[in-house]
Amino acid sequence: MPSSSPAGAIAIVAFVLKPTPYVQEFLHRLSMLEYPDKNSRVHLRIYTNQMYNKQHIETWANGQNGEKNDDFGIVQIVNGTAMGEHKIRAEAVQWAIEINADFLFLIDAEAHITAPDTLNILVQKAREDNNYRAILAPLLLRPDTVYSNFWGAVSESGYYARSFDYLDIIHGKSPAHVWNVPFIGAAIFVSKRKFEALSKAFVLNGGVDADISMAKFCRENSHFMFVDSSKGTQFYGFLVNSDAFSQLPKEARLNLELYDYPNNKKLWESRYIHPEYFTVLKPGTDVPLACPDVYDFPFLSERFCEELIEVMEEFGQWSEGKHKDGRVQGGYENVPTRDIHMNQVGFERHWLQILDNYVAPMQEKVFIGFYQRPIHANMMFVVRYRPDEQASLRPHHDASTYSIDVALNKKDVDYEGGGVRYVRYNCTVPADQIGWSMLFPGRLTHLHEGLPTTRGTRYILVSFINP
115 MPSSSPAGAI
125 AIVAFVLKPT
135 PYVQEFLHRL
145 SMLEYPDKNS
155 RVHLRIYTNQ
165 MYNKQHIETW
175 ANGQNGEKND
185 DFGIVQIVNG
195 TAMGEHKIRA
205 EAVQWAIEIN
215 ADFLFLIDAE
225 AHITAPDTLN
235 ILVQKAREDN
245 NYRAILAPLL
255 LRPDTVYSNF
265 WGAVSESGYY
275 ARSFDYLDII
285 HGKSPAHVWN
295 VPFIGAAIFV
305 SKRKFEALSK
315 AFVLNGGVDA
325 DISMAKFCRE
335 NSHFMFVDSS
345 KGTQFYGFLV
355 NSDAFSQLPK
365 EARLNLELYD
375 YPNNKKLWES
385 RYIHPEYFTV
395 LKPGTDVPLA
405 CPDVYDFPFL
415 SERFCEELIE
425 VMEEFGQWSE
435 GKHKDGRVQG
445 GYENVPTRDI
455 HMNQVGFERH
465 WLQILDNYVA
475 PMQEKVFIGF
485 YQRPIHANMM
495 FVVRYRPDEQ
505 ASLRPHHDAS
515 TYSIDVALNK
525 KDVDYEGGGV
535 RYVRYNCTVP
545 ADQIGWSMLF
555 PGRLTHLHEG
565 LPTTRGTRYI
575 LVSFINP
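Residues 115 to 581 in my numbering are what the sequence shown lists, from first letter to last.
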């Protein structure tokens, strides 16, 4: 069994026990935690009962995506499908006892620790004053809210009540950094001397959530709980909003974080918005002009493009590319393509918000004086071009005030040929940079055609904005 050391051995137990987005980012941040001799002193066990995350966790644990998982002494994945949450959390404490750990860090997948020195600080805080703070939580806040991982007070019914100093604590206005509180959750750091007590705490009351059961046990048995805000307003990290992740559209079956927008906006942006987008949007930065009034800008990440293609192909109901089309008003499509509409995969509402928050600002930058919010769009779809299906598209005007056309896959790897020709200007745009979008006027001026795809499969994402 792993032995104690001067720095102390730590058992980290992570829980993925309900639908939770961005588990891959959560695991990545666990890998980034620093600790002396981490590969011999920090041991990890992950409990999950979520089928959606199972492959993500196994891939990460096996090091298939470049994570340095050999930093951990032990890495275990435990299927918690047949176990209740109360039993799982009690078993986690027992595991720390079995491996002779000095500290136990219980962390839910909603708790993203962004400060690499978190373990070192928590060990230091726990050891101060003769190990007085043996049950300690790093302060975590859900971005742009006052929702945190601790309660300042408890109501008569035993649930949350806001204390008079709660807002001062979370906003870093209090001179103190450690508080004795009646409830902590999401990320709990426990010293060895409290292991035996906490092994019973989670199963005390099966009629309430496991963390509430634990906190009630601690309050009633004088096991003081503390929250630490040594990081000030920067905190140790943040809490993911998972409230709506179990209520996604019924059509959402794959790559579910795509549908999470805008619940965890910063996380969504870091995963799915092109890394150069915000630089190009800045005042004074030129937006590339590919043809007269045809702008080409970085919009979506390669991951977004890849995952959207996967969603469309998993759905699989590509149109036949004929004029008769029951999906459109009137049942007739003037310029048919082989495509799938966003509303067919349950992504229409999310995509409209994305257009409003990322495309409209770029349009307002390049076409000065035109402002229309919120964006309206009925035709939002992914087109598939293949030589043996539909290889090209005849010259046409879009039924829009302006349109976007996003390249979703890689030329000379996934396909050959392609591109867009603007007939009136005799100007061709290769449209071959993944995630880059053309932005151009629709009806009246910009007659254009889709040039033939000669090999492979080319995917583009099209939206007719403000028809």
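Virtual Cβ for every residue (Gly too), placed ideally from N, Cα, C.
Check: To the nearest angstrom, report how far apart Thr173 and Val137 are at their CA atoms.; Outcome: 12 Å
Check: Give me the residue from Asp342, Cys332, Val268, Arg385 with the minimum Cα distance to Ser288.; Outcome: Asp342
Check: Nearest by alpha-carbon distance to Leu561: which of Pro475, Leu522, Leu507, Ala545 is it?; Outcome: Leu507
Check: Using three-state DSSP, classify Lys314 as helix, strand or coil.; Outcome: helix
Check: Which residue comes first and which comes last in the beta strand (DSSP E) that contains Ala251?; Outcome: 249 to 252
Check: Following the continuous beta strand (DSSP E) through Met339, name the residue where it begins and the one where it ends.; Outcome: 339 to 342
Check: Output the distance between the C-alpha atoms of Lys182 and Lys152, rounded to the nearest integer angstrom.; Outcome: Low local confidence applies: a pLDDT of 49 at Lys182 is under 50, so the model's placement there is unreliable, with the coordinate-based value given in what follows. So the two alpha carbons sit approximately 11 Å from each other.
Check: To the nearest angstrom, report how far apart Gln190 and Gln169 are at their CA atoms.; Outcome: 14 Å
Check: On the three-state DSSP scale, how would you describe Ile579?; Outcome: strand
Check: Do three or more CB pairs link the stretch 331 to 351 to the stretch 243 to 260 at distances below 8 Å?; Outcome: yes
Check: Report all residues from its chain with a CB closer than 6 Å to the CB of Ala123; omit the five preceding and five following residues, and keep chain order.; Outcome: Pro116, Arg155, Ala215, Asp216
Check: I'd like to know if the stretch 413 to 426 and the stretch 357 to 370 are in contact, where contact means that at least 3 CB-CB pairs between them fall below 8 Å.; Outcome: yes
Check: Check for me: the alpha helix (DSSP H) holding Met476 runs from which residue to which?; Outcome: 474 to 480
Check: At what residues does the beta strand (DSSP E) containing Ser517 begin and finish?; Outcome: 516 to 521
Check: Per DSSP, what kind of secondary structure is Phe331 in: helix, strand or coil?; Outcome: helix
Check: Is Ala240 helix, strand or coil when you go by DSSP?; Outcome: helix
Check: Leaving out the 5 sequence neighbours to the left and right, which residues in its chain are closer than 6 Å to Met328 when beta-carbon positions are compared?; Outcome: Ala315, Phe316
Check: Val537 lies in the beta strand (DSSP E); which residues open and close that run?; Outcome: No beta strand (DSSP E) holds Val537; DSSP gives it neither H nor E.
Check: Out of Arg538, Tyr539, Arg498, Leu381, point me to the one whose CA is closest to Asp582's CA.; Outcome: The displayed coordinates of the chain run from 115 to 581. Any statement about residue 582 would go beyond what the structure contains.
Check: Rounded C-beta distance between Gln467 and Pro406? I'm assuming under 8 Å.; Outcome: Actually they do not touch by this definition, with Cβ atoms about 30 Å apart.
Check: Can at least three beta-carbon pairs, one atom from the stretch 547 to 560 and one from the stretch 434 to 450, be found at a separation below 8 Å?; Outcome: no
Check: Looking at Gly532: is its Cβ nearer than 9 Å to the Cβ of Leu565?; Outcome: yes
Check: Suppose the cutoff is 8 Å on Cβ atoms and the five residues either side in sequence are ignored; what does the same chain contact list for Asn580 look like?; Outcome: Gln486, Ile489, His490, Ala491, Ser514, Thr515, Tyr516
Check: What's the C-alpha gap between Phe392 and Asn457?; Outcome: 28 Å
Check: Do the CB positions of His291 and Ile213 come within less than 9 Å of each other?; Outcome: no
Check: At what residues does the beta strand (DSSP E) containing Ile585 begin and finish?; Outcome: Nothing can be reported for residue 585: it is not among the residues displayed for the chain, which extend from 115 to 581.
Check: Less than 9 Å separating the beta-carbons of Lys479 and Val401?; Outcome: yes
Check: Just the Cα atoms here: how many angstroms apart are Ser118 and Ser305?; Outcome: Caution is warranted here: a pLDDT of 45 is assigned to Ser118, below 50, making its placement in the model unreliable, and no coordinate value can be reported.
Check: For Lys308, count the other beta carbons within 10 Å of its own beta carbon; 16 or more makes it buried, fewer makes it exposed. Which is it?; Outcome: buried
Check: With a cut-off of 9 Å, does the C-beta of Gly533 fall near any C-beta of chain C?; Outcome: Looking for chain C here will not work: only one protein chain is present.
Check: Can you tell me where the beta strand (DSSP E) with Asp453 in it begins and where it stops?; Outcome: 453 to 455
Check: For Lys364, does the count of other Cβ atoms within 10 angstroms reach 16, so buried, or fall short, so exposed?; Outcome: exposed
Check: Tell me, please, whether the stretch 225 to 234 touches the stretch 195 to 206 by the rule of three or more beta-carbon pairs shorter than 8 Å.; Outcome: no
Check: For Tyr582, count the other beta carbons within 10 Å of its own beta carbon; 16 or more makes it buried, fewer makes it exposed. Which is it?; Outcome: No statement about residue 582 is possible, as the shown extent of the chain runs from 115 to 581 and does not include it.
Check: Give me, in chain order, the residues of the same chain whose beta-carbon lies closer than 8 Å to that of Thr567; leave out the 5 immediate sequence neighbours on both sides.; Outcome: Tyr499, Arg500, Pro501, Ala505, Ser506, Tyr529, Glu530, Gly531, Gly532
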